[in-house]
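J.: For the sequence shown, the positions run 115 to 901 when my numbering is used. Heads up, the beta-carbon is just placed ideally off N, CA and C, and yes, glycines get one too. It should be emphasised that the depicted structure is a prediction, and the values quoted were computed from it without experimental measurement. Sharing a structure with you now.
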Amino acid sequence: MRIGPAPLLVLSVGVILGCEPGGGAPGVAGEPGLLESASARPVAPVLAEEPPPPFGGYPGVRHGGNYMHNYYLPPAPGTTPWFPSWSPDGESIAVGMAGSVWEVDVETGDATELTRGGTYHSSPSYSPDGRWIAYTADYGGERVQLEILDTETGETRVLTDDRFVYADPVFSPDGTRLAYVSSAPNGFFNVYIREVADGDWTGPEIAVTSDNSYGNNRLYFGPMDMYISPAWMPDGEELLLVSNRDVPLGSGNVIRVPARADGILEAQTVLREQTLYRTRPDVSLHGRRFVYSSTAGAADQFNNLYVQPTTGGEPYKLTFFEHDAFHPRWSPDGETIAYITNEGGLPQLELIETYGGARRRIEIGERTYAGPTGMLSVTVRTDASGRDPVAARVTLLGPDGKYHAPPDEYARIGQRGRYPAFHTDGTFTVALPPGEADLTIVKGFEIEPQRMKVAIEADATVELEVTLHRFADLSADGWHNGSTHVHMIYAGNLHNTLENLMFMSAAEDQDIVNEQVANKDNRILDHQFFVPGGGEHPVSAEMEDMVVIVGQEYRPPFYGHVFMFGMRDHLISPFTTGYEGTAIESLYPSNTDMMRKAKDQGATTGYVHPYFGDVDPLTFGLMGGKGFMVDAVLGTSDALEWSTAERAGFFPLYALWSNDVRICATGGEDSISNLHATPLVGAMRTYVRPPDGRLTADGWFEGLRGAAAFVTNGPLVELTVNGEIPGSVLSLGAGATSVEVVASVRSIVPLTRAWLVRDGEDAIELELSQDRMSAFYSGDIEIDGSG
């Protein structure tokens with residue numbers, strides 16, 4: 115801090131208050147909207163009744179983290195087919211869908227619900243005689259267990275009951291054993307075999323693999339090896355697995371092991387490449403080849419289907435998609451491969467000829483439910499939209515205790531608060547079991563959410579109209595909001611598009627979409643969407659209320675990740691440094707070097723998600739922002755991003771502000787928006803006032819560089835000092851001893867606390883309103899120098 119006779123006061127705002135509308139409780143009801151049905155009653159305020167339970171984070175698994183959740187475990191909740199399993203006669207395919215196991219007719223697409231309950235069912239596997247289907251049951255993210263269905267009686271039986279995660283059940287060719295993956299006993303994935311007959315275990319568990327340490331803490335995968343995706347050889351004597359044993363990068367190679375205790379000790383590698391959980395080998399009828407899903411290391415941006423000999427050899431590429439193909443499974447006669455495609459967006463069931471290459475989508479037709487079912491049909495409007503439906507985010511807890519979404523929408527789990535949700539264009543219909551459903555509708559931070567309980571009746575449709583109330587319009591005052599950290603395609607189940615990003619952002623009431631091209635391991639995703647020029651992407655050029663910008667996240671693991679927006683000519687390459695086992699495993703170049711190259715093209719840059727927790731990053735080796743302080747002082751970094759509501763970033767930020775270094779606090783939740791478990795778009799966002807108040811790409815980033823901004827996860831903040839907004843510099847006359855401060859905050863959920871901070875120290879506590887939804891302060895604050 116400089117102290118002199120003519121103080122300078124740099125006015126900046128970084129706001130993270132005690133609430134989490136972007137990731138906490140699904141919402142707060144305002145005044146009840148127009149209800150077309152007496153079957154619904156509003157819940158106001160939100161704490162008048164207990165909020166729905168959050169989705170768990172699979173505590174029984176100790177490695178893999180969120181990527182494992184998204185790329186390996188079945189989506190729960192999920193709305194479309196997943197994990198196909200052929201019936202022995204080849205006339206139907208069992209899939210996990212909408213929380214149940216369904217049987218889909220191959221010719222008609224008609225689907226019959228085979229299981230129903232309070233857990234999310236998926237990963238079906240037929241026994242060779244068709245009598246049994248083993249499947250997984252997800253207990254809301256707390257654990258995943260094995261169950262089995264008797265296809266003749268419809269009865270189900272629990273096979274496991276503990277705190278761990280089970281996956282990938284598959285019957286042996288003779289039907290006497292079940293191979294599966296379990297995180298028991300220590301939280302790490304291993305492959306087991308167990309004898310089974312008449313729908314129950316008949317022998318002890320046999321560990322084909324066991325815990326083993328690689329020795330180093332591998333990027334995204336940790337030190338402990340994993341063993342997943344077992345596939346039987348036709349003779350029942352061997353298995354194919356996917357394992358990263360002795361592998362530095364990815365989820366591992368395809369290996370061939372004896373199907374007996376400690377078979378891993380005799381493993382032979384048959385496919386060596388960097389994988390990301392998606393491989394899922396399936397052995398052909400005669401055992402000579404296997405089909406699998408792959409990006410061939412860095413060769414493909416998307417997962418395609420490949421075949422290779424089971425003894426090893428060269429892969430042969432079967433498909434050439436610009437979308438993903440997951441979970442390939444041979445038909446019983448070997449003539450057809452079923453798989454999951456996300457062409458067009460949502461995952462769907464598709465068939466391809468083994469010889470010939472003809473493809474056929476199996477559209478889900480008529481659905482036959484396993485029990486009584488009713489329908490909920492909802493239309494969402496705002497008091498400013500008239501009768502036109504508006505996009506919004508919806509959380510819907512069914513009477514069965516499971517979260518539900520329409521079959522034409524992508525179900526998500528907001529990672530900050532773990533609440534499942536989906537985005538709607540304003541109209542949707544969902545099938546639900548009878549009873550009381552819990553419905554919450556949210557649209558950004560300036561519109562009051564609505565929560566209501568809806569009575570669902572069998573064989574009836576509840577038609578509901580909900581009108582949301584806008585209580586603020588910061589865009590009208592020249593403040594435009596958007597997240598600084600959004601990814602479009604990042605190897606998830608959804609094939610995302612810029613148009614869909616705009617739809618999600620509209621549902622979250624965002625004005626600007628900052629999409630970032632980035633590497634995932636050794637792949638570069640979304641690079642084709644970069645357009646030279648540095649400004650607005652053409653996809654939004656005709657829109658008045660939304661701007662799309664395609665920039666880049668540069669992701670070196672040592673110095674820290676940074677955003678780069680507005681390059682006029684090209685993306686910065688390589689997209690990372692220090693990547694183990696590659697030619698770019700080096701600490702050179704530094705972030706400073708690369709950001710200078712971006713700034714030579716006119717880019718705005720900032721460090722993203724560098725600091726977590728509530729302690730000074732210096733106590734933890736500067737965490738993920740080792741280069742930030744240097745780059746802020748050198749002017750090569752314009753911003754420091756918050757991805758979560760944590761305080762660690764305030765330590766370096768206040769230090770810079772107190773030393774007259776202009777840096778902007780921004781909000782970017784790191785939404786990897788084609789994953790099903792990820793921070794929701796706009797959960798942390800930045801409000802920026804361009805110099806002229808107009809929404810343009812250049813103006814928004816000019817305002818950001820000038821720190822005319824505030825970051826928030828919900829509360830709407832207004833602050834002036836002597837009438838000046840954030841980012842301003844006040845020149846005060848000699849002898850000035852105070853400044854006039856006017857501050858207010860409004861929120862869609864109750865606040866815990868609101869206060870003003872000066873030079874890193876708490877200055878004034880604001881008194882909250884009676885409902886704790888707002889606070890206001892106006893008065894003079896004494897000063898004794900620059901700040």
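Buried or exposed for Ala-889, please, with buried defined as at least 16 other CB atoms from any protein chain shown within 10 angstroms of its CB.
T.: It is buried - the Cβ of Ala-889 has at least 16 other Cβ atoms within 10 Å.
J.: Name the two residues that bound the continuous alpha helix (DSSP H) containing Ser-619.
T.: Start and end: 612-621.
J.: Quick one: Cα of Ala-212 to Cα of Tyr-483, how far?
T.: Roughly 11 Å separates the two Cα atoms.
J.: Distance check for Arg-359 and Tyr-294, CA to CA, integer angstroms please.
T.: Approximately 18 Å, taken between the alpha carbons.
J.: Can you tell me where the beta strand (DSSP E) holding Ala-889 begins and where it ends?
T.: 888-896 is the span of the beta strand (DSSP E), which, as asked, contains Ala-889.
J.: Apart from the five residues on each side of it in sequence, which residues of its chain come closer than 6 Å, Cβ to Cβ, to Leu-770?
T.: Excluding residues within five positions, the ones whose Cβ falls inside 6 Å are Ala-746, Ile-777.
J.: Tell whether a beta-carbon distance below 8 Å holds between Pro-503 and Tyr-517.
T.: No, these two residues do not count as a Cβ contact at 8 Å.
J.: In the DSSP output, what is Thr-383 paired with across the bridge?
T.: According to DSSP, which records beta bridges pairwise, Thr-383 is partnered with Ile-369.
J.: At the level of alpha carbons, what is the spacing between Gly-716 and Pro-840?
T.: Taking the straight line joining both Cα atoms gives about 23 Å.
J.: Measuring CB atoms only, is the segment 811-821 touching the segment 830-837, in the sense that at least three cross pairs come out at less than 8 Å?
T.: Judged by Cβ distances under 8 Å, the segment 811-821 makes no contact with the segment 830-837, as fewer than three pairs qualify.
J.: Do Gly-739 and Pro-731 have their C-beta atoms closer together than 8 Å?
T.: A contact, by the Cβ cut-off of 8 Å.
J.: Drop a sphere of 10 angstroms on the beta-carbon of Ile-862, count the other beta-carbons inside from all chains shown, and report buried for 16 or more, exposed for fewer.
T.: That one is buried.
J.: Rounding to the nearest angstrom, what Cα-Cα distance links Gly-136 and Gly-828 in this structure?
T.: Unreliable positioning characterises Gly-136 in this predicted model, as indicated by a pLDDT of 37, which lies under 50. The coordinate reading is nonetheless provided below. Going from the Cα of Gly-136 to the Cα of Gly-828 covers about 7 Å.
J.: Excluding five sequence neighbours on each side, which residues of the same chain lie with their C-beta closer than 6 Å to the C-beta of Trp-216?
T.: If we look at Trp-216 and ignore the five residues flanking it on each side, its Cβ neighbours are Val-209, Ala-225, Glu-227.
J.: Please name the residue or residues paired with Phe-285 in a DSSP beta bridge.
T.: The partner list for Phe-285 (beta bridge, DSSP) reads Leu-292.
J.: Only counting the same chain, and skipping five residues up and downstream in sequence, which positions put a Cβ closer than 8 Å to that of Val-775?
T.: Excluding positions up to five away in sequence, the list reads Ala-746, Val-747.
J.: Let's see if you can read the secondary structure: which residues bound the beta strand (DSSP E) around Lys-634?
T.: Note, Lys-634: beta strand (DSSP E), 626-634.
J.: Express the C-alpha separation of Asp-885 and Ala-281 in angstroms, rounding to a whole number.
T.: Between Ala-281 and Asp-885, the C-alpha separation is close to 46 Å.
J.: Enumerate, from N- to C-terminal direction, the unbroken beta strand (DSSP E) stretches of 3 or more residues contained entirely within the segment 196-234.
T.: Within the segment 196-234, the complete beta strand (DSSP E) runs of at least 3 residues are 196-200, 206-211, 214-219, 225-227.
J.: Identify the continuous beta strand (DSSP E) that holds Arg-332 and give its terminal residues.
T.: First-last of the beta strand (DSSP E) with Arg-332: 327-332.
J.: Per DSSP, Arg-474 is paired with what?
T.: Paired residue(s): Leu-465.
J.: Let me check one thing: in DSSP terms, what residues is Ile-570 bridge-paired to?
T.: In the DSSP output, where bridge partners are listed per residue, Ile-570 has Gly-549.
J.: Starting from Phe-542, follow its DSSP beta bridges and name the residues at the other end.
T.: Beta-bridge pairing links Phe-542 to Val-492.
J.: Can you tell me whether DSSP reads Glu-658 as helix, strand or coil?
T.: Residue state, collapsed to three classes: coil.
J.: For Met-657, does the count of other Cβ atoms within 10 angstroms reach 16, so buried, or fall short, so exposed?
T.: Its Cβ having fewer than 16 others within 10 Å, Met-657 is exposed.
J.: In angstroms with no decimal places, state the Cα-to-Cα distance between Pro-167 and Gly-531.
T.: Answer to the nearest angstrom: the Cα atoms are 10 Å apart.
J.: Quick one, are the C-beta atoms of Val-220 and Ile-478 less than 8 Å apart?
T.: Going by C-beta atoms, Val-220 is not nearer than 8 Å to Ile-478.
J.: For Ser-785, which three-state DSSP category applies?
T.: Strand at Ser-785.
J.: Among Ser-900, Ala-791, Leu-818, which has the Cα closest to the Cα of Met-182?
T.: Checking every option, the nearest Cα to that of Met-182 belongs to Ala-791.
J.: Return the residue from the list Tyr-306, Asp-784, Thr-274, Arg-392 that minimises the CA-CA distance to Asn-184.
T.: Per the Cα distances, Arg-392.
J.: Pull up the CB-CB distance for Leu-80 and Val-556, whole angstroms please, since I reckon it's below 8 Å.
T.: Residue coverage of the chain in this structure runs from 115 to 901, which leaves residue 80 outside it and unanswerable.
J.: Can you check whether the C-beta of Glu-881 is within less than 8 Å of a C-beta belonging to chain B?
T.: The question asks about chain B, but that chain is absent: this structure has only one protein chain.
J.: Using CA atoms only, rank isn't needed, just tell me which of Phe-764, Glu-164, Ile-207, Gly-254 is closest to Pro-188.
T.: Checked all of Phe-764, Glu-164, Ile-207, Gly-254; the closest Cα to Pro-188 is Gly-254.
J.: Grab me the residues of Thr-274's own chain with a C-beta within less than 7 Å of its C-beta, minus the 5 sequence neighbours each way, in chain order.
T.: The answer, listed in chain order, is Gln-259, Leu-260, Tyr-280.
J.: Can you say whether Ser-407 is buried or exposed, counting buried as having 16 or more other CB atoms within 10 angstroms of its CB?
T.: When all chains shown are included, Ser-407 counts as buried.
J.: Under a three-way DSSP split, which group does Phe-643 fall into?
T.: Looking at Phe-643 - three-state DSSP - the assignment turns out to be helix.
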